[in-house]
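What follows is a set of notes on a single structure, which appears directly below.
Residue numbers (the numbering used here), protein chains in the order written: chain Z, 4 to 61; chain D, 539 to 866.
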């Protein structure tokens, strides 16, 4: 019974964490897309792109 | 790995900062000098002397050519990183508590203290390229902080906003181009001073640390609280880590409250929290007094903390830090 209780608690915790990760990823995707759009409107490439370009040159 | 202990200051540290590449670490303290260290071995590269009051803050531009600093001698100074030469001194009626370059490194903000007849301000300047053109000497605009003075401030992505943290625990947002006031949100317990404000790598969200023992992550556009981290001691600093989604918090009981307690009870550890789950993961001991400032290496390979005890502790993350994963 204890084991059953423990595993159900673990399952709940895992489900909660998964939900938090999904929410976070959805939030980050939304923001990243918005920023990319704003940068494009200003004729800039993304900072991320610029950073990876730098890496290649090195 | 054992941290490098950087001994180069004789007074409490106030702010430490990595340059954009992460090969250098700059440290400011109340002892009138700024030190610069190699981040891979903790050796001192040089010092910047000239300020005549406690140094509160510094920032380095993206190309590591210029460093700006602010101090209790009521000046903001611009330095040539390589030669250590002071290039220009801006004078204010009060102390300069925080300076920061914008994304392009062409503008510089200075947060000034409120004192005897002077309101706290956030002043924005052009970074000089041509010193004969005198327009950089005067601010582009000056934000007079409302009800409560600003203690910290920084630029959002695209310099869209200036975000400021205040003495009363609120966070306010201003237009980055004009300095026009947009809004204020009471984020922390009313009356609790916001001690630090650091952005995520892409500057779309930031974390504030507060004397109310919490740190909060906020969205730069909406100023909505997206995450909350609760500690058991007043916080002086907070910083996100790239690579892993962690946030590092530093603080501890105030010096005046710990005379009767041991360092163990002073809660002087750096604490790691998971940004998404808001759960505490671990603590790193070492300082003999509160941690005043934490900076994370821009590539996420380590971090450094500066304490009231006058030491900077420079840590490289172990393999198990990078291997760490939550079981789901």
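Beta carbons: idealized from backbone N, C-alpha and C, even for Gly.
Got a sec, what are the start and stop residues for the beta strand (DSSP E) residue i sits in?
{"i": "residue 576 of chain D", "result": "571-576"}
{"i": "residue 738 of chain D", "result": "Note, residue 738 of chain D: premise wrong, no beta strand (DSSP E); not H, not E."}
{"i": "residue 757 of chain D", "result": "752-757"}
{"i": "residue 556 of chain D", "result": "551-556"}
{"i": "residue 607 of chain D", "result": "604-609"}
{"i": "residue 833 of chain D", "result": "829-834"}
{"i": "residue 680 of chain D", "result": "679-682"}
{"i": "residue 716 of chain D", "result": "That residue, residue 716 of chain D, is in no beta strand (DSSP E); it is neither H nor E in DSSP."}
{"i": "residue 745 of chain D", "result": "743-748"}
{"i": "residue 841 of chain D", "result": "840-845"}
{"i": "residue 691 of chain D", "result": "688-693"}
{"i": "residue 776 of chain D", "result": "773-779"}
Could you spell out where the alpha helix (DSSP H) holding residue i opens and where it closes?
{"i": "residue 24 of chain Z", "result": "5-44"}
{"i": "residue 863 of chain D", "result": "It is not in any alpha helix (DSSP H) - residue 863 of chain D carries neither H nor E in the DSSP assignment."}
Can you tell me which of the options puts its alpha carbon nearest to the alpha carbon of residue i?
{"i": "residue 530 of chain D", "options": "D:843, D:705, D:676", "result": "Nothing in the structure corresponds to residue 530 of chain D, since chain D is present only between 539 and 866."}
{"i": "residue 601 of chain D", "options": "D:594, D:609, D:644", "result": "D:644"}
{"i": "residue 830 of chain D", "options": "D:669, D:860, D:806, D:781", "result": "D:806"}
{"i": "residue 580 of chain D", "options": "D:678, D:564, D:723", "result": "D:564"}
{"i": "residue 846 of chain D", "options": "D:827, D:835, D:855, D:837", "result": "D:827"}
{"i": "residue 791 of chain D", "options": "D:820, D:750, D:591, D:700", "result": "D:750"}
{"i": "residue 566 of chain D", "options": "D:857, D:710, D:856, D:849", "result": "D:849"}
{"i": "residue 635 of chain D", "options": "D:858, D:702, D:714", "result": "D:702"}
{"i": "residue 699 of chain D", "options": "D:613, D:731, D:647", "result": "D:647"}
{"i": "residue 688 of chain D", "options": "D:732, D:694, D:668", "result": "D:732"}
{"i": "residue 666 of chain D", "options": "D:706, D:612, D:603, D:839", "result": "D:603"}
{"i": "residue 611 of chain D", "options": "D:630, D:618, D:540", "result": "D:630"}
{"i": "residue 655 of chain D", "options": "D:639, D:638, D:769, D:632", "result": "D:632"}
{"i": "residue 575 of chain D", "options": "D:714, D:542, D:837", "result": "D:542"}
{"i": "residue 662 of chain D", "options": "D:717, D:695, D:615", "result": "D:717"}
{"i": "residue 23 of chain Z", "options": "D:591, D:540, D:765, D:693", "result": "D:765"}
{"i": "residue 705 of chain D", "options": "D:746, D:714, D:670", "result": "D:746"}
{"i": "residue 590 of chain D", "options": "D:571, D:649, D:582, D:774", "result": "D:571"}
{"i": "residue 30 of chain Z", "options": "D:814, D:864, D:819", "result": "D:814"}
{"i": "residue 640 of chain D", "options": "D:578, D:719, D:715, D:621", "result": "D:715"}
{"i": "residue 767 of chain D", "options": "D:670, D:818, D:824", "result": "D:818"}
{"i": "residue 864 of chain D", "options": "D:578, D:812, D:686", "result": "D:812"}
{"i": "residue 833 of chain D", "options": "D:592, D:780, D:569", "result": "D:780"}
{"i": "residue 545 of chain D", "options": "D:554, D:553, D:582", "result": "D:582"}
{"i": "residue 823 of chain D", "options": "D:788, D:692, D:609, D:837", "result": "D:788"}
{"i": "residue 861 of chain D", "options": "D:782, D:775, D:606", "result": "D:782"}
{"i": "residue 825 of chain D", "options": "D:835, D:851, D:837", "result": "D:851"}
Where DSSP assigns a beta bridge to residue i, which residues make up the other side?
{"i": "residue 792 of chain D", "result": "DSSP, once it has assigned bridges, lists no residue as partnering residue 792 of chain D."}
{"i": "residue 594 of chain D", "result": "Partner(s): none; residue 594 of chain D has no beta bridge."}
{"i": "residue 710 of chain D", "result": "D:702, D:722"}
{"i": "residue 645 of chain D", "result": "D:664"}
{"i": "residue 544 of chain D", "result": "D:850"}
{"i": "residue 814 of chain D", "result": "Paired residue(s): none; residue 814 of chain D is not in a bridge."}
{"i": "residue 618 of chain D", "result": "D:604"}
{"i": "residue 586 of chain D", "result": "D:572"}
{"i": "residue 626 of chain D", "result": "D:616"}
{"i": "residue 565 of chain D", "result": "D:554, D:573"}
{"i": "residue 650 of chain D", "result": "D:634, D:659"}
{"i": "residue 767 of chain D", "result": "D:753"}
{"i": "residue 822 of chain D", "result": "D:808"}
{"i": "residue 674 of chain D", "result": "For residue 674 of chain D, which the question treats as bridged, DSSP gives no partner whatsoever."}
{"i": "residue 787 of chain D", "result": "D:776, D:809"}
{"i": "residue 639 of chain D", "result": "D:646"}
Strictly below 8 Å CB to CB, what residues from chain Z border residue i?
{"i": "residue 742 of chain D", "result": "34, 35, 38"}
{"i": "residue 764 of chain D", "result": "30"}
Determine the chain D residues that contact residue i at a beta-carbon separation under 8 Å, and present them in chain order.
{"i": "residue 8 of chain Z", "result": "What residue 8 of chain Z touches in chain D: nothing, since even the nearest Cβ is about 18 Å away."}
In chain B, what lies closer than 7 Å to residue i by C-beta?
{"i": "residue 695 of chain D", "result": "Here chain B cannot be found, since the structure's protein chains are Z and D."}
Quick one: list the residues of chain D neighbouring residue i, beta-carbon separation under 7 Å, in chain order.
{"i": "residue 14 of chain Z", "result": "Within chain D, no residue comes near residue 14 of chain Z; the closest Cβ sits about 11 Å away, beyond 7 Å."}
| Does the region 754-771 of chain D touch the region 737-745 of chain D, meaning 3 or more C-beta pairs lie closer than 8 Å? | They touch, by the three-pair rule.
| query | With contact counted as at least three CB pairs below 8 Å, one residue from each stretch, are the region 727-736 of chain D and the region 674-684 of chain D in contact? | reply | The region 727-736 of chain D is not in contact with the region 674-684 of chain D.
| request: Take every Cβ of the region 10-27 of chain Z, pair it with every Cβ of the region 718-731 of chain D, and state whether three or more of those distances are shorter than 8 Å. | output: Using a C-beta cut-off of 8 Å, the region 10-27 of chain Z makes no contact with the region 718-731 of chain D, since fewer than three inter-stretch Cβ pairs fall below that distance.
| Contact the region 660-677 of chain D vs the region 619-630 of chain D: 3+ CB pairs below 8 Å | Yes: the two stretches touch, three or more of their Cβ pairs being nearer than 8 Å.
| field | Three-pair Cβ contact test at 8 Å for the region 552-560 of chain D versus the region 33-46 of chain Z | value | Not touching, per the Cβ criterion.
| Can you find at least 3 beta carbon pairs, one from the region 704-718 of chain D and one from the region 807-818 of chain D, that sit closer than 8 Å? | The region 704-718 of chain D makes no contact with the region 807-818 of chain D: fewer than 3 CB pairs, one atom from each, lie closer than 8 Å.
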